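Participant:
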Amino acid sequence: MPKKDLQPLQIYRLLPRTNCKLCGCPTCYAFAFELISRDKRLTDCPDLLKEDF
């Protein structure tokens with residue numbers, strides 16, 4: 750079975766989508782692109798680290 754590459758929209762749908770800019774990106778969608786290119790890490794998103802997320 751061929752391996753599928755993740756697409757930015759797939760990742761974006763899993764993010765908080767608050768566009769808070771605390772990760773250094775202007776939007777959560779831009780953050781998804783940065784994750785794919787490995788310029789950012791999941792831990793760069795403070796909302797993902799919140800207990801209630």
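For the sequence shown, the working numbering assigns the number 750 to the initial residue and increments by one for each residue that follows. Glycine included, every Cβ here is placed at the ideal spot set by N, Cα and C. Because the structure is a prediction, the values reported are computed rather than measured.
Buried or exposed for Phe780, please, with buried defined as at least 16 other CB atoms from any protein chain shown within 10 angstroms of its CB.
Facilitator: Per the 10 Å Cβ criterion, buried.
Participant: Just to confirm my understanding: we take Tyr778, look at its own chain, exclude 5 residues before and 5 after, and list those with CB closer than 6 Å. What are they?
Facilitator: Tyr761, listed in sequence order.
Participant: Where Ser786 and Leu771 are concerned, what is the direct C-alpha to C-alpha distance, given to the nearest angstrom?
Facilitator: Cα to Cα, Ser786 sits roughly 19 Å from Leu771.
Participant: Assuming Leu797 and Pro765 make a contact with CB atoms under 8 Å, what is their CB distance in whole Å?
Facilitator: Indeed, because the Cβ distance is near 7 Å, the residues count as touching under 8 Å.
Participant: Tell me which residue opens and which closes the alpha helix (DSSP H) that Leu784 is part of.
Facilitator: Segment 777 to 785, the alpha helix (DSSP H) holding Leu784.
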